[in-house]
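What follows is a short report on a single structure.
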């Protein structure tokens, strides 16, 4: 997607112990929702995991920083979590929610 300066992604995310970001929710007026409207198959959904941003992998804090500072063409690698939703994914990961969601960040 193409992220212009000051454009909001419109995602609430949490870092996970596995080094990814968990998409908790999407805002209807954000860039990701605009992306979703133009895609029939490659949509980002709550419960998905962001595993790379602009080639950076393995550290949720670095991924979060990349999303915050990204401008222009931005590449985000997303995996679909095989659970019904974020709460299911948290419970099936058998980690307390506080550990899984160590940092909640609304990218605005």
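Numbering (the working numbering), first residue to last: 1443 to 1550. A virtual CB, placed ideally from N, CA and C, is assigned to each residue, including glycine.
Taking the C-alpha atoms as reference points, what is the distance between residue 1476 and residue 1443?
The alpha-carbon of residue 1476 is positioned some 10 Å away from that of residue 1443.
Assign residue 1508 to one of two classes, buried (16 or more other C-beta atoms within 10 Å of its C-beta) or exposed (fewer than that).
Classification of residue 1508: buried, given that the 10 Å Cβ count is 16 or more.
If I follow the unbroken alpha helix (DSSP H) through residue 1451, where does it start and stop?
Neither: residue 1451 is in no alpha helix (DSSP H) and is coded neither H nor E.
Classify residue 1492 as buried or exposed, calling it buried when 16 or more other Cβ atoms lie within 10 Å of its own Cβ.
That one is buried.
Measuring only the C-alpha atoms, how far is residue 1482 from residue 1519?
Residue 1482 and residue 1519: Cα-Cα distance of roughly 17 Å.
Backbone CA spacing between residue 1470 and residue 1480 [nearest angstrom]:
Here the C-alpha atom of residue 1470 lies approximately 14 Å from the C-alpha atom of residue 1480.
What's the gap between the Cα of residue 1497 and the Cα of residue 1517?
The C-alpha of residue 1517 is placed about 8 Å away from the C-alpha of residue 1497.
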